[in-house]
Amino acid sequence: MGLDTRPLSTLHERGSFEVADFEVPTGREEEWRFTPLRRLRGLHNGSAAADGKILLEVDAAPEVTVETVGRGDARIGTAFTPADRVSAQAWASFTEATVVTVPKETEASAPTVLRLRGEDAGAAAYGHTTVILEPFARATVVLAHRGDATYADNVEFIVGDGASLSVISLQDWSHDSVHVAHQYTRLGRDARFVSHNITLGGDLVRISPTVAYDGPGGDAELYGVYFADGGQHLEHRLLVDHTVPNCRSRVDYRGALQDEGAHAVWIGDVIIRVEAEGTDTYELNRNLVLTDGTRVDSVPNLEILTGEVAGAGHASASGRLDDEHLFYLQARGITFDEARRMVVRGFLGQLIERIEVPEVREKVQQAIEAELDR
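The sequence shown begins at 295 in this note's numbering and counts up by one.
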């Protein structure tokens, strides 16, 4: 057998279910250099007392099955391998998992809502959720996070051939909460996946969505909206791994920041592997800085290992409110405060309007208005 000389990706090549296979982060590693480790409350090094609890309320569509299962259930852990120590720790530490199943060729008549509420930020909790869409099924799932928590979890989305899943993950924690989440998606042939990550609350929130393809024709759209206030650290780290031909991905994340110490981090990694000919991908991150004293880190990465692509690109931009836009509005009798609101509404509203569940869309709009009232 000859030597395999195909190029390998330099992004996210290592994974393991064993916590010991990952060294404790120091903050000098590329994947941790933006995260203030001291604020993770031990989620990254195993020192957190694991006696916290997250309460779950379920409002399921009548066609959808939601189960609470033990660690030995064969359906969990099939769509991912932990890519960092916190993900591996969450896998090793949860005791019960939630499994959501949409049967083959079933179209859910209503969204299935999982409400996760923390009641104690002083102790760590770990969780696991698996969402399975069997072939040609269609459904919308909402993950709503609130309350006080120190929480790490893994979420799997398994989308079968020809199936379509829309996910809305709302992080609306109290001001002292910490949440580190890994969201893993596997798409079958001709499957479609749309996700909306809305991050508003919490002291430190780090969300890591990953998408992988099992067959040609897969289509993934990843959208995100976040609003960082003074002292908040909101971090989103995405990986879209194109491993099969003729798949598509789109990424669009937008954030606003205000007040001293607000920090937003966005990392967008897209890999187009040698065998992924015909890939069509684009990723975008934009940030609107509303006051002094904030910080934005935005790093798009596009790694192309084949010359046969349909399209590939990325862009990142961060800046202040446009003085010309404000002047234009003020010249027509609109006050500065209202002009500022209108610009922010327009900037974030393009993505908020894509949220297909009216109750969630309205809640997000109200939360943005409350942020601007500050």
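Backbone N, C-alpha and C define an ideal beta-carbon position, used for all residues, glycine too.
Note that the coordinates shown come from a computational prediction; the quantities given were computed from them, not determined experimentally.
DSSP has residue 353 in a bridge; who is on the other side? 407
Here's the rule I'm using: 16 or more other beta-carbon atoms within 10 Å means buried, otherwise exposed. How should residue 419 be labelled? buried
Between the Cα of residue 324 and those of 387, 531, 504, 458, spot the shortest distance and give me the residue it belongs to. 531
Output the distance between the C-alpha atoms of residue 245 and residue 599, rounded to the nearest integer angstrom. The requested residue 245 does not occur in the structure, where the chain is confined to residues 295 to 668.
What's the gap between the Cα of residue 432 and the Cα of residue 395? 11 Å
Taking the DSSP output, what are the residues bridged to residue 583? 551, 614
For a minimum of 4 consecutive residues, which ranges assigned as the alpha helix (DSSP H) are wholly contained in the segment 357 to 417? 379 to 387
Touching or not, the segment 466 to 485 and the segment 635 to 645, by the rule of three or more beta carbon pairs under 8 Å? no
For residue 553, which option in 333, 318, 582, 465 has the closest C-alpha, if you only look at C-alpha atoms? 582
Should residue 312 go down as buried or exposed, given a rule of 16 or more other Cβ atoms within 10 Å for buried? exposed
Would you kindly check if the distance between the Cβ of residue 425 and the Cβ of residue 462 is under 8 Å? no
Using alpha carbons as the reference points, say which of 666, 502, 351, 545 lies closest to residue 634. 666
Quick check on residue 471: buried or exposed, where buried means 16 or more other Cβ atoms within 10 Å of its Cβ? buried
Check whether residue 576 and residue 613 have beta carbons under 8 Å apart: no
Would a C-beta distance cut-off of 8 Å place residue 504 and residue 533 closer than the cut-off? yes
Proximity below 8 Å, CB of residue 580 to CB of residue 557: no
Alpha carbon of residue 516 to alpha carbon of residue 562, nearest angstrom: 11 Å
Of the choices 593, 630, 519, 654, whose alpha-carbon is the least far from that of residue 327? 593
Given a threshold of 16 other Cβ atoms within 10 Å of its Cβ, counted over all protein chains shown, does residue 315 qualify as buried or as exposed? exposed
Using the Cβ count rule (16 or more neighbours within 10 Å means buried), how would you classify residue 376? buried
Mapping DSSP to helix, strand and coil, what is residue 593? strand
Let's see if you can read the secondary structure: which residues bound the alpha helix (DSSP H) around residue 658? 652 to 667
Look up residue 538 in the DSSP assignment and say whether it is helix, strand or coil. coil
Roughly how many whole angstroms lie between the Cα atoms of residue 669 and residue 570? Because the chain here runs from 295 to 668, residue 669 falls outside it and cannot be looked at.
In the DSSP output, which residue or residues are listed as bridge partners for residue 562? 532, 594
From residue 487 to residue 371, what does the alpha carbon distance come to, in whole angstroms? 19 Å
Under three-state DSSP, which class holds residue 644? helix
Out of 668, 458, 597, 321, state which residue places its alpha-carbon closest to the alpha-carbon of residue 524. 668
Assign residue 333 to one of three DSSP states: helix, strand, or coil. helix
Taking the alpha-carbon positions, what's the residue 414 to residue 334 distance? 15 Å
Any idea if residue 585 is buried or exposed, counting beta-carbon neighbours within 10 angstroms, 16 or more meaning buried? exposed
Which residue comes first and which comes last in the beta strand (DSSP E) that contains residue 277? Outside the shown range of the chain, which is 295 to 668, sits residue 277, and nothing can be said about it.
Sorted by chain position, which residues of the same chain lie with C-beta nearer than 6 Å to residue 522's C-beta, five sequence neighbours on each side aside? 528, 551, 556, 558
If I measure Cβ to Cβ from residue 411 and keep anything under 6 Å in the same chain, skipping five residues before and after, which residues do I get? 349, 440, 441
Does DSSP put residue 633 in a helix, a strand or coil? helix
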